[in-house]
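Here is the structure we will look at.
Residue numbers (the working numbering), protein chains in the order written: chain A, 180 to 494; chain B, 3 to 303.
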């Protein structure tokens, strides 16, 4: 207690029945407890922060709230684990890196079997697995990624296709995209390609992958999903939206000729800039060339030596 | 101190069984509850699913741990109706039977801390760190503040009570380390440390027990021969004094302190049959204390 308080204290009769000594004792005891418990709290909070980092290979059951919310909503009762007919869900034990007691599964050892009635979600008493999920195909437990193209058999030119064939949403979540095989020059590669708008992250592809370590893996969505940025417009999509009418051509944009070695011709090569209105192209006429928008109309550009100018960017 | 073992006198006068009646009943209750939870995983006969955090009995009766659900509520989550129904049932039940009846009759950690206390007496381990019994309320407050501040159930990352039951029902893993730590701490560092001083689950149920009707009564306190056996075996010995020794101050014979776990061990070890289970309101014939006076002795800390 500060000295001033002692000096100004009133005679013993003062505070309601509590003698000075007892009050001092009370205050010190309270301070001790406050500090001790506070210290424990800080340690716990730090531990809790750590526990929020879900390891990438641990997947939450279908319908799980975002991890931050999930850890406040899941009361670790294990009803989901009991409800799972395939017994794939484990309640995290203290030694695992997953928050103690919370349910998770590992795709490589036991993927989600995508029950149509989603019993795990129905069993959850708190809504940590949100009851709004009624169609298992809308679950987003993670996202499959063909993580290693060096070991994927299809990338090596073979027809493994296992991930594609086991996918519950075959031809939607995983498709095989055809590509010429440049190594042989005469074969086709069937590239397993995941489509995030359909992939539920059930993990069957990872489970089924035949390579020693899975070449395709299901990982947390936030770890693998890129985001294009809202200002991007994809020309072909815009064109389709506009009923097949290209917005770029409307703006009068010019396609500049591609640069090719003298006299070279590529069959099937489409280069409208070289075949169209030569008056607009430097070296092909006397007209002042138009510059791409934003570069200003510097007449100096006209003085450029006459040779085919390149612009792939304009395409 | 070479005192005789507490309860020896009761065993002599009442017989070994009668002197352990409530203790046996409690162990039976703890075993029965654990067996019900284990029956499903071991035999595939699912009477009870889940664990003490939330369970569903016979696919109809939901029971939710109120402390864990409270952390979840404070963390900002709104649970589904089954969890809320379950918590309403448990709250009413534990209010009626005395909140900390959970500690004495249900909690899986209780046999271990009881064992530690028994070993302490047997091995005459003395010297105990001092810590206020109110510490648990501070820890309780801390767990709720942490839940609110972080939005997660931080206490459930370390709670030995949840750990032990989950370990027993869902597989052990390294949970034994934290359980062993609690046991050894109770045994060597501090008497009745976990259940009597630190555990916020018990603190929560104490708050619930403040007005519980089912209490231990010392109606025949005049017969007390001051053997102190009840104080020796009681996990919360501070709760006995007002009821047992308060006749002269006009304090009623009911143990009103919310920390009393209703374990009934004092009934067992008393050779004079001073204690009984009873209702807090019922007044025994001939006892002069007013109920007003009994209410005055009520303390939670």
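Note that beta-carbon positions come from the ideal geometry of N, C-alpha and C, so glycine has one too.
Note that the structure is predicted; figures quoted are calculated from it, not measured.
Below-8 Å beta-carbon distance, residue i vs any chain B residue
i, result
"residue 305(A)", "yes"
"residue 231(A)", "yes"
"residue 279(A)", "yes"
"residue 274(A)", "yes"
"residue 203(A)", "no"
"residue 496(A)", "As shown, chain A starts at 180 and ends at 494. That puts residue 496(A) outside it, with no answer to give."
"residue 223(A)", "yes"
"residue 258(A)", "yes"
"residue 472(A)", "Reliability fails at residue 472(A), whose pLDDT of 48 lies under 50, so the model's placement of it is uncertain and the value that follows must be treated cautiously. It does not: the Cβ of residue 472(A) has no partner Cβ on chain B nearer than 8 Å."
"residue 410(A)", "no"
"residue 498(A)", "The structure shown does not extend to residue 498(A), since chain A spans only 180 to 494, so no value can be given for it."
"residue 227(A)", "yes"
"residue 255(A)", "yes"
"residue 362(A)", "no"
"residue 261(A)", "yes"
Below-8 Å beta-carbon distance, residue i vs any chain A residue
i, result
"residue 90(B)", "no"
"residue 96(B)", "no"
"residue 45(B)", "no"
"residue 202(B)", "no"
"residue 181(B)", "no"
"residue 72(B)", "no"
"residue 199(B)", "no"
"residue 298(B)", "Any reading at residue 298(B) is ruled out, since the residue's pLDDT is 45, under 50, leaving its predicted position unreliable."
"residue 68(B)", "no"
"residue 81(B)", "yes"
"residue 277(B)", "no"
"residue 62(B)", "no"
"residue 112(B)", "no"
"residue 59(B)", "no"
"residue 261(B)", "no"
"residue 144(B)", "yes"
"residue 39(B)", "no"
"residue 196(B)", "no"
"residue 192(B)", "no"
"residue 137(B)", "yes"
"residue 205(B)", "no"
"residue 141(B)", "yes"
"residue 100(B)", "no"
"residue 1(B)", "Chain B is shown only over 3 to 303; residue 1(B) falls outside these bounds and no answer can be derived."
Residue closest to residue i, alpha-carbon to alpha-carbon, out of the options
i, options, result
"residue 259(B)", "247(B), 273(B), 238(B), 267(B)", "238(B)"
"residue 385(A)", "379(A), 378(A), 394(A)", "394(A)"
"residue 257(B)", "14(B), 150(B), 277(B)", "277(B)"
"residue 209(B)", "263(B), 227(B), 228(B)", "263(B)"
"residue 76(B)", "11(B), 145(B), 136(B)", "145(B)"
"residue 145(A)", "179(B), 94(B), 141(B), 50(B)", "With chain A covering 180 to 494 only, the question about residue 145(A) has no answer from this structure."
"residue 241(A)", "221(A), 281(A), 317(A)", "317(A)"
"residue 390(A)", "334(A), 249(A), 373(A)", "334(A)"
"residue 369(A)", "397(A), 382(A), 388(A), 338(A)", "338(A)"
"residue 416(A)", "402(A), 238(A), 425(A), 261(A)", "425(A)"
"residue 249(B)", "176(B), 104(B), 226(B)", "226(B)"
"residue 123(B)", "242(B), 188(B), 28(B)", "188(B)"
"residue 48(B)", "258(A), 244(A), 200(A), 364(A)", "258(A)"
"residue 235(A)", "244(A), 321(A), 207(A)", "321(A)"
"residue 52(B)", "164(B), 24(B), 22(B)", "164(B)"
"residue 255(B)", "219(B), 234(B), 32(B), 280(B)", "219(B)"
"residue 363(A)", "336(A), 315(A), 244(A), 325(A)", "336(A)"
Contact with chain D by residue i, beta-carbon distance below 8 Å
i, result
"residue 289(A)", "The question asks about chain D, but that chain is absent: this structure's protein chains are A and B."
(request) Using a Cβ-Cβ cut-off of less than 8 Å, give me the residues of the stretch 152-167 of chain B that come near chain A, in sequence order. (result) Cβ contacts with chain A: 152, 153, 154, 155, 156, 157, 158, 159, 160, 164, 165.
(message) Give me the subset of the stretch 233-253 of chain A whose CB atoms are less than 9 Å from a CB atom of chain B, sorted by chain position.
(response) Cβ contacts with chain B: 244, 247, 248, 249, 250, 251, 252, 253.
(request) Note down, one range per segment and in chain order, each beta strand (DSSP E) of at least 3 residues found wholly within the stretch 252-290 of chain B. (result) The stretch 252-290 of chain B is shown to contain whole beta strand (DSSP E) runs of 3 or more residues at 278-281, in chain order.
(message) To be precise: take each residue of the stretch 207-219 of chain A, compare its Cβ to all Cβ atoms of chain B, and keep it if any distance is under 8 Å. Which residues remain?
(response) Listed by position along the chain: 208, 212, 213, 215, 216, 217, 219.
(message) As an exercise, report each continuous alpha helix (DSSP H) stretch of at least 4 residues that is fully enclosed by the stretch 46-90 of chain B, in chain order.
(response) Counting only runs of 4 or more residues that sit fully inside the stretch 46-90 of chain B, the alpha helix (DSSP H) segments are 68-76, in chain order.
(request) Could you tell me which uninterrupted beta strand (DSSP E) segments, each at least 3 residues in length, are contained entirely in the stretch 337-418 of chain A, listed from first to last along the chain? (result) The qualifying runs are 353-360, 366-373, 395-398.
(message) At 4 residues or longer, what runs of the alpha helix (DSSP H) sit wholly inside the stretch 130-156 of chain B?
(response) Segments of the alpha helix (DSSP H) lying fully in the stretch 130-156 of chain B: 137-152.
(request) Scan the stretch 305-337 of chain A for residues whose Cβ lies nearer than 9 Å to a Cβ of chain B and list them as they occur along the chain. (result) From the stretch 305-337 of chain A, only 305, 306, 307, 310 have a Cβ closer than 9 Å to chain B.
(message) At 3 residues or longer, what runs of the beta strand (DSSP E) sit wholly inside the stretch 257-291 of chain A?
(response) Those beta strand (DSSP E) runs which fall completely within the stretch 257-291 of chain A and span 3+ residues are 282-285.
(message) I want to know whether the stretch 267-281 of chain A touches the stretch 354-367 of chain A - three or more CB-CB distances under 8 Å.
(response) Output reads no: the stretch 354-367 of chain A does not touch the stretch 267-281 of chain A.
(request) Identify every run of the alpha helix (DSSP H) within the stretch 288-327 of chain A, keeping only runs that are complete inside it and at least 4 residues long; order them along the chain. (result) DSSP runs (the alpha helix (DSSP H)) wholly in the stretch 288-327 of chain A: 298-302.
(request) Ignoring anything shorter than 3 residues or poking outside the stretch 168-255 of chain B, list the beta strand (DSSP E) runs there in chain order. (result) If we require 3 residues or more, the beta strand (DSSP E) runs fully inside the stretch 168-255 of chain B come out as 216-219.
(message) Does the stretch 218-225 of chain A come into contact with the stretch 36-51 of chain B, if we say contact requires no fewer than three beta-carbon pairs (one atom in each stretch) closer than 8 Å?
(response) Between the stretch 218-225 of chain A and the stretch 36-51 of chain B, the count of C-beta pairs closer than 8 Å stays below three; the two stretches do not touch.
(request) Pair every Cβ in the stretch 291-299 of chain A with every Cβ in the stretch 74-92 of chain B, then say whether three or more of these pairs are closer than 8 Å. (result) The stretch 291-299 of chain A, when compared against the stretch 74-92 of chain B, does not touch it at the 8 Å Cβ threshold.
(request) Please determine if the stretch 266-274 of chain B and the stretch 11-21 of chain B are in contact, where contact requires at least 3 C-beta pairs separated by less than 8 Å. (result) Yes: at least three Cβ pairs fall under 8 Å.
(message) When you compare the stretch 149-161 of chain B with the stretch 249-269 of chain A, are there three or more beta-carbon pairs, one atom per stretch, that lie closer than 8 Å?
(response) The stretch 149-161 of chain B vs the stretch 249-269 of chain A: in contact.
(request) Could you please tell me which residues of the stretch 167-178 of chain B, in chain order, have their CB closer than 8 Å to any CB of chain A? (result) Here the close residues are 168, 169, 171, 172, 173, 174, 175, 176, 177.
(message) Using 8 Å as the cut-off, can you tell me whether the stretch 194-205 of chain B makes contact with the stretch 130-138 of chain B, which would need three or more C-beta pairs spanning the two stretches below that distance?
(response) Below 8 Å, enough C-beta pairs join the stretch 194-205 of chain B and the stretch 130-138 of chain B to call them touching: three or more.
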